[in-house]
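Data block below; observations after.
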Amino acid sequence: MLSEITVLVTGAGAPGIAGTVYSLWQNYDGRHFRIVGTDMKDDVIGRFLCDAFYTIPPVAERSEYLARLLEVCAVERVAILIPQNTAELEVLAEELPAFEDLGVKLLLAGVKGIKSANNKYELLRVAQRLGVAAGNFALARSFDSFLEAAKSFGWPHKRVVAKLPVSNGMRGLRIIDEGLDELSLFLMEKPTAVFVKMDYFRALFDRGLAELVVCGFLPGDEYSVDIFRNKEVSVILPRKRLAIRSGISFDTVFEQNRDIINFSATLSEELELVNCFGFQFKLDEEGAPVLLECNPRVQGTMVASLFANQNIIYHGIKNLLGEQIKVPETDWNARFMRYWGGVGINEKGSIWV
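Each residue of the sequence shown is one higher than the last, beginning at 512 in my numbering.
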């Protein structure tokens, strides 16, 4: 019988926390995990899934964040740390020796390429150099350069996309559409809509916005790619995102798209990414996939891979432990759908519904 392992999962308030925990519970070796959750907020849903929970400072307070995280690892005798927050990745990669001194292994997608993978502009430059479809893109550090790039990509007759080089989820993402009917948007849409007009960015740059990536708009289907990779094994699972809410896949189906698989393999090798990570692509007017970004960490809906017969997260843990990974055949007919659930809490405890 395999011995119990203590795993720490950061971002216990992240939308994907339940899926990450479920992937651990449903590992194919029948291994038992003791799960410790952390988050900068105290009252998060993941605390009711984990065996222990701690609050930690935000990663922006680097010294305090690291001191607290290392303290929790020591107290709980953590063997493996799974980061779920994009902002943590570069800090953890830089501080890897401090965790290794405690005997903690980090489920990072690598160290060398993580900075380029985490930066949307740098990633697109790498893709362009490798011949991976990256579409039209530019980095703007002023409103004038932003406007010039947008015009070169067809604005105002076409939509263009603006995004922060480094961000988490849909934060820092807007679609510029001069045909936008703002009255209909106000009357019919929830206030989370991403569509704006160009003047929105003039105001942001006037207020000190440092830089933005501007890209051509891609009208086709969007794909996430769940990946496990080490020196011997590579599992690349594209899935079409049939429904997306607040940046989270609510309905997704696996698809053996060879172009996306080949592009992902090329980028993974160049960036020397390992363990668990993912890419996102979108189809252009011709139906060809174009790179959007990389998530060099466990993705929010990576649990979907479990139902395609590939537990990507557990593959990564086995790799950290130096154990042999036997990759089963992928079920390409798998589909994953979310629904609104919750947890009820009273004096008797908590129950998930």
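Backbone N, C-alpha and C define an ideal beta-carbon position, used for all residues, glycine too.
Identity of the residues DSSP links to residue i by a beta bridge
| i | result |
| --- | --- |
| R558 | In the DSSP output, where bridge partners are listed per residue, R558 has none listed. |
| G466 | Lying outside 512 to 864, the shown extent of the chain, residue 466 is not represented and no answer is given. |
| I567 | DSSP, once it has assigned bridges, lists no residue as partnering I567. |
| P749 | V736 |
| E804 | Q791 |
| I687 | V671 and V707 |
| V724 | L650 and K674 |
| A590 | Beta-bridge pairing links A590 to no other residue. |
| N786 | R740 |
Helix, strand or coil at residue i according to DSSP, with G and I counted as helix
| i | result |
| --- | --- |
| W863 | strand |
| L577 | helix |
| E605 | helix |
| D762 | strand |
| F706 | strand |
| M848 | strand |
| K913 | In this structure the chain extends from 512 to 864, so residue 913 is not present and cannot be described. |
| I755 | strand |
| K837 | coil |
| L617 | strand |
| T597 | helix |
| F657 | helix |
| R713 | helix |
| L868 | An answer regarding residue 868 cannot be provided, because it is not within the stretch 512 to 864 covered by the chain. |
| K623 | coil |
| F610 | helix |
| E582 | helix |
| L454 | Since the first and last residues shown for the chain are 512 and 864, residue 454 lies out of range. |
| A799 | coil |
Assumed close pair residue i, residue j - CB separation to whole angstroms, cut-off 8 Å
| i | j | result |
| --- | --- | --- |
| V583 | Y576 | V583 to Y576, Cβ: 11 Å. No contact. |
| L723 | F657 | 6 Å |
| Q791 | D737 | Q791 to D737, Cβ: 11 Å. No contact. |
| I687 | A661 | 7 Å |
| I567 | L580 | 6 Å |
| V622 | A604 | 5 Å |
| R808 | A620 | 6 Å |
| N629 | V672 | Contact flag wrong, Cβ pair sits at about 19 Å. |
| E733 | R752 | 5 Å |
| F549 | V814 | According to the sequence provided, residue 549 is Thr. The question's Phe does not apply to it. Actually they do not touch by this definition, with Cβ atoms about 19 Å apart. |
| S757 | M681 | 7 Å |
| L803 | V637 | So it is not a contact: roughly 14 Å between Cβ atoms. |
| S816 | L715 | Not really, about 37 Å apart at Cβ, beyond 8 Å. |
Range covered by the alpha helix (DSSP H) that runs through residue i
| i | result |
| --- | --- |
| Q639 | K631 to L641 |
| F774 | R769 to L782 |
| V532 | I528 to W536 |
Residue environment, residue i, which counts as buried when at least 16 other CB atoms sit within 10 Å
| i | result |
| --- | --- |
| N844 | exposed |
| V520 | buried |
| Q821 | buried |
| G789 | buried |
| L794 | buried |
| Y632 | buried |
| W851 | exposed |
| R685 | buried |
| Q835 | exposed |
| M848 | exposed |
| P608 | exposed |
| E599 | buried |
| K829 | buried |
| F697 | exposed |
| R573 | exposed |
| V586 | exposed |
| Y711 | exposed |
| D674 | Here the sequence assigns Lys to residue 674, which means Asp is not the residue at that position. Buried. |
| G719 | exposed |
| R740 | buried |
| M699 | exposed |
Extent of the continuous beta strand (DSSP E) to which residue i belongs
| i | result |
| --- | --- |
| S735 | E733 to R740 |
| D468 | This structure cannot speak to residue 468, because the chain is shown only from 512 to 864. |
| G827 | Not the beta strand (DSSP E): G827 falls in the alpha helix (DSSP H), residues I823 to L831. |
| L519 | I516 to V520 |
Cβ of residue i within 8 Å of any chain D Cβ
| i | result |
| --- | --- |
| E834 | Absence of chain D from the displayed structure is noted, only one protein chain being present. |
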